[in-house]
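Residue numbers (our numbering): 17 to 516.
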Amino acid sequence: MSGTLAQAFRRGFLGNAPAWYKRLVCAFLLANPILLVTLGPTVTGWAVLLEFIVTLAMALRCYPLQPGGLIALEAVLLGLTSAESAYQEVITALPVLLLLMFMVAGIYFLRDLLLSVFTSLLLRIRSSSVLSLTICAAAAVLSAFLDALTVVAVLVTVGLGFCDVYHRAASGKRLEDEHDPARDEAVPELHARSLEQFRAFLRGLMMHGAVGTAIGGVATQVGEPQNLLIAKQAEWQFGEFFLEVAPVSLPVAVAGFGTCLLIDRFGLFGYGAELPSDVRAVLQTHHEERASRALPRDRQVLIVQAAVALILVLSLAFHVAEVGLIGLIVIVLATSFTGIVEENRIGKAFEAAMPFTALLVVFFVIVAQIHDQHLFEPVLQGVLSLEGRAQAAMLYVATGVLSAISDNVFVATIYITEVKAAFLQGATTHEQFEVLAVAINTGTNIPSVATPNGQAAFLFMLTSLLAPLIRLGYLRMVWMALPYFLVMTSVGLAAVVWLL
């Protein structure tokens, strides 16, 4: 009896995750108290941070919320941080959480329009390289005026729609049939190879689009959450911010778009997969059938969604309210005028956003621990001890490295606050302070593409419902982001040193 119960507990712990991974998480949990007693809180704090990154890397095997949550909970119990500190981090990040809860759900109610528009784009542009550059550039432009998470939510929604259409057709299912695109058992061997190539094609598009959000997000005051904070500290308006950052952001954009063309054209780093001809035929047929069978009701839905999408873009561009609240407006408008009034149909839209929202709160516990244990302070003090161009260059590098392993908004908050304090104390000139502000902005935005945890938009894509469908895991995202990271980071550093 006891053996059976013990086996039940073993099976219940982290569910279907590999046995070796379960043992690894247990080893983390057992090692942390020992590290705290023997090596102290600083070493333990770094260990907890690296352990959490491991749980992100295993996102396709086990959703990071559970193992990462256990590690974060232990950090609180060991006194590395406190519930109060974690709560303060959550309060600071409330706009991001509202964005996730409401904007991602709002995009769900625009999926018919988005799928129609992107299907037309995909079918008209036959060159993979041109299509990749178009997606990357469009994501960059949108992210400069909207929000990177919103743009990635659009990409994920479109990707899910494409996967469902082809996977359903390859499985011999009709539109009205129940279907799970995560299960390949019903896909005959005839279509299996095309399905894998289609997944590779979508992986490339999604990563080009995700990097595009970073290219555009660095350039404007509203592109990323930390940009607003930096602009406030530097007292820059929208135009001033763009001009101050332009010596770095524009060369980086050119380098990024050039990288997009090259890696896709020559099939490097997992890019360059063409859309299979049979997949194109399925998408074409689906698009034409929907158009030919469209009833007045279907056209009415598309008109409403187009109107709501226009309201969304204008509201975000002019910042009429917090982004999350604009998402709530989208939900209200899109459902009110398309007849979606049942609670269960509305609730379905929140399925994609809520697990990631919970994961992000767990992540803020780790951020609170970094803050409470002052893990980044030695780097900060070392950078501030330098002068001139060396100081700006090292600040760019330091914020970039730290953003890639933690959170770019958190890193920017710490560094711009300290740099502003140094300026107010007379330690730097106003001109040098502005150079350092640009270095922090570009450092937290550009090198952070190296890892999925560097930017919330990347982390959302990693943990989205789309990632397992197209086999987009942590290490694959790191590998596919590598050429962008190397080229854009190098160009950005050169621009910080020579053009500011």
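A virtual CB, placed ideally from N, CA and C, is assigned to each residue, including glycine.
Setting aside the 5 residues that flank it on each side, Ala-73 is surrounded in the same chain by Tyr-490 and Leu-491, each with a C-beta closer than 7 angstroms to its C-beta; the list follows chain order.
Following the DSSP letters along the chain, one finds Ile-50 inside the alpha helix (DSSP H) bounded by residues 35-55.
The region 261-280 makes contact with the region 451-468; the number of CB pairs closer than 8 angstroms reaches 3 or more. In this structure, Gly-416 lies away from Thr-275, with their beta-carbon atoms at least 9 angstroms apart.
Under the 8 angstroms Cβ criterion, the region 288-308 counts as touching the region 206-226, having at least three qualifying pairs.
Boundaries of the alpha helix (DSSP H) harbouring Cys-276: 254-281, taken from the DSSP string. Comparing alpha-carbon positions, the option among Val-133, Val-451 and Trp-36 lying closest to Leu-515 turns out to be Val-451. Within the region 486-513, no alpha helix (DSSP H) run of at least 4 residues lies entirely inside it. Secondary structure note for Gln-441: it is in no alpha helix (DSSP H), with a DSSP letter that is neither H nor E. Apart from sequence neighbours up to five positions away, the residues of its chain that approach Val-395 with a beta-carbon distance below 6 angstroms are Ala-414, ordered along the chain. In this structure the region 302-316 does not lie against the region 88-97, because fewer than three pairs of beta carbons, one per stretch, are closer than 8 angstroms. Rounded to whole angstroms, the Cβ separation of Gln-237 and Leu-244 is 6 angstroms, and the two are in contact under 8 angstroms. Looking at Ile-69, Ser-101 and Leu-81, the one whose alpha-carbon comes closest to that of Asp-388 is Ser-101. Between the alpha carbons of Val-203 and Asp-180 lies a gap of roughly 13 angstroms. In the three-state DSSP reduction, Arg-313 falls in the helix class (H, G or I).
Restricted to the region 305-349, the alpha helix (DSSP H) segments that are unbroken, complete and at least 4 residues in length are 312-334, listed in chain order. By the C-beta criterion, the region 494-510 is judged to be in contact with the region 462-469, since at least 3 inter-stretch pairs fall below 8 angstroms.
Sequence-distant Cβ neighbours of Leu-51 in its own chain, meaning closer than 8 angstroms and more than five residues away, are Val-59, Thr-60 and Ala-63. Rounded to whole angstroms, the Cβ separation of Val-503 and Ala-230 is 12 angstroms, and the two are not in contact under 8 angstroms.
DSSP places Asn-243 in the helix class (H, G or I) of the three-state scheme. Rounded to the nearest angstrom, the gap between the Cα atoms of Ser-143 and Phe-134 is 15 angstroms.
Assignment of Asn-461 by DSSP, reduced to helix, strand and coil, places it in the helix class.
If you ignore the 5 residues before and after Pro-34, its C-beta comes within less than 7 angstroms of the C-beta of Arg-77, all in its own chain and listed in chain order. Looking from the CA of Ala-428, the closest CA among Thr-445, Ser-401 and Phe-392 belongs to Phe-392.
Going by DSSP, Asp-388 is part of the alpha helix (DSSP H) stretching over 369-388. Scanning Val-381, Ile-382 and Phe-366 for the CA closest to the CA of Met-119 turns up Phe-366.
Contact between the region 147-160 and the region 102-110 is not established, with fewer than three Cβ pairs separated by less than 8 angstroms. The beta carbons of Gly-225 and Trp-495 sit no closer together than 9 angstroms.
Scanning its chain for C-beta atoms nearer than 6 angstroms, with the 5 sequence neighbours on each side dropped, one finds around Leu-475 the residues Pro-468 and Asn-469, in chain order. Collapsing the DSSP output to three states places Val-454 in a helix. Annotated three-state conformation of Val-234 is coil, per DSSP. Secondary structure note for Gln-397: its alpha helix (DSSP H) is the uninterrupted segment 393-400.
Here the alpha carbon of Phe-282 sits roughly 45 angstroms from the alpha carbon of Thr-354. Within the region 65-121, the runs of alpha helix (DSSP H) that reach at least 4 residues and sit entirely inside it are, in chain order, 81-93, 99-108 and 110-114. Apart from the 5 residues on each side of it in sequence, Glu-338 sits with its Cβ closer than 6 angstroms to the Cβ of Pro-111 in its chain, given in chain order. Asn-48 counts as buried, since no fewer than 16 other beta carbons sit within 10 angstroms of its beta carbon.
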